[in-house]
Amino acid sequence: MSNLSIDLTDRLANTEETGLDAGLLIPLLRLLVDGNPVTVEQLATASGRTVGDVRSGLGAVPDTEYDDQGHIVGQGLTLRPTRHRFTVAGEELYTWCALDTLIFPALIGRPARVESVSPVSGETIRVTIDPTAGTTVVEPATAVVSLVNPRQITSIRSMFCNQVHYFTSPEDAADWLAGHPGAEIVSVAEAYQIGIALNASFHDRAQAESVNNTGSPACDC
1 MSNLSIDLTD
11 RLANTEETGL
21 DAGLLIPLLR
31 LLVDGNPVTV
41 EQLATASGRT
51 VGDVRSGLGA
61 VPDTEYDDQG
71 HIVGQGLTLR
81 PTRHRFTVAG
91 EELYTWCALD
101 TLIFPALIGR
111 PARVESVSPV
121 SGETIRVTID
131 PTAGTTVVEP
141 ATAVVSLVNP
151 RQITSIRSMF
161 CNQVHYFTSP
171 EDAADWLAGH
181 PGAEIVSVAE
191 AYQIGIALNA
201 SFHDRAQAES
211 VNNTGSPACD
221 C
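Just so you know, the sequence shown maps onto residues 1 to 221 in UniProt numbering.
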């Protein structure tokens, strides 16, 4: 992996930098994947934490999405449409960025089909991800993913996710890269490897936080 890829792997899994709490994120993803808003109480039960702790953890990620009833509808995985469609068992969901689509199948333990639209050409990129086999379909085969390494990631969606896209090819990404100094593109295969490294970091952090809070793992993360 490139230096940028390695640096991002460390930074994105760092709760102190992004606010993302792996011990909440993983159970939240596994609840949201069913396609319904999630109550704070549901997440508290799934994560083995108090309602107060859950509210505090969610508050550390200002981009977390809620519906009019205050139920959670998005954090990385979202019920609200974006350019990254993420279909699991026939349920149409969405993600905040291209990298999310490659990370989440392993975290939720379920395969997913992805359809994402290039912000330049408007053409659709299709990827199928299996939690154990990895990327089994990439169309077109020349597809790439953009990455950025912002100075801060205190608002992960606006500072990072909104710049992480699929493109049909390096040529498709060229104009976008010209307008985003410091950004780079990687193959879908390399982006998936970044996802594997992030998943390992998220799992390690979730287990460590669970043991620190309760003395034993609270959930099968």
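The beta-carbon is built from N, C-alpha and C at its ideal position, and this holds for glycine as well. Please read these numbers as outputs of a predicted model, since none were measured by experiment.
Please go through the same chain and pick out, in chain order, the residues whose beta-carbon is closer than 6 Å to the beta-carbon of residue i, but skip the five residues on each side of it.
i	result
D172	S118, V120 and S121
E123	T168
L79	V73
G57	D21 and L24
G76	W96 and D100
Could you please give me the residues that DSSP links to residue i through a beta bridge?
i	result
V137	T128
Q75	L77
residue 223	The chain is shown from 1 up to 221; residue 223 falls before or after that span and cannot be answered.
T87	E92 and R113
Under a three-way DSSP split, which group does residue i fall into?
i	result
T15	helix
F104	helix
S116	strand
D92	In the sequence as displayed, the identity of residue 92 is Glu instead of Asp. Here E92 sits in strand by DSSP.
S146	strand
P27	helix
S121	coil
N36	coil
residue 222	Lying before the first or after the last residue shown, residue 222 is absent from the chain, which here runs from 1 to 221.
L20	coil
Distance, Cα to Cα, residue i vs residue j?
i	j	result
F160	G134	24 Å
L29	E41	15 Å
H84	W176	17 Å
V137	V188	10 Å
V18	L12	It is worth fixing the name first, because residue 18 is Thr in this sequence and not Val. Going from the Cα of T18 to the Cα of L12 covers about 6 Å.
D53	G23	11 Å
L43	P62	17 Å
G90	L198	26 Å
L154	E16	The question names Leu, yet the displayed sequence has Thr at residue 154. Straight-line Cα distance between these residues: approximately 9 Å.
E139	V51	43 Å
D68	Y94	19 Å
Once the 5 residues before and after residue i are set aside, which same chain residues still bring their CB inside 7 Å of it?
i	result
H71	P37, V38 and T39
P170	V144 and I185
E115	R85, T124 and R126
Ordered along the chain, which non-local residues of its own chain (more than five positions away) have a Cβ less than 8 Å from that of residue i?
i	result
A112	F86, T87, V88, T101, F104, P105, T128 and I129
request  = Return the chain-ordered ranges of every alpha helix (DSSP H) run that is complete within the region 150–206 and spans a minimum of 4 residues.
outcome  = Runs of the alpha helix (DSSP H) lying entirely within the region 150–206 and spanning at least 4 residues, in chain order: 156–159 and 170–178.
Those runs of the alpha helix (DSSP H) which lie wholly inside the region 39–75 and span at least 4 residues = Counting only runs of 4 or more residues that sit fully inside the region 39–75, the alpha helix (DSSP H) segments are 40–47 and 51–59, in chain order.
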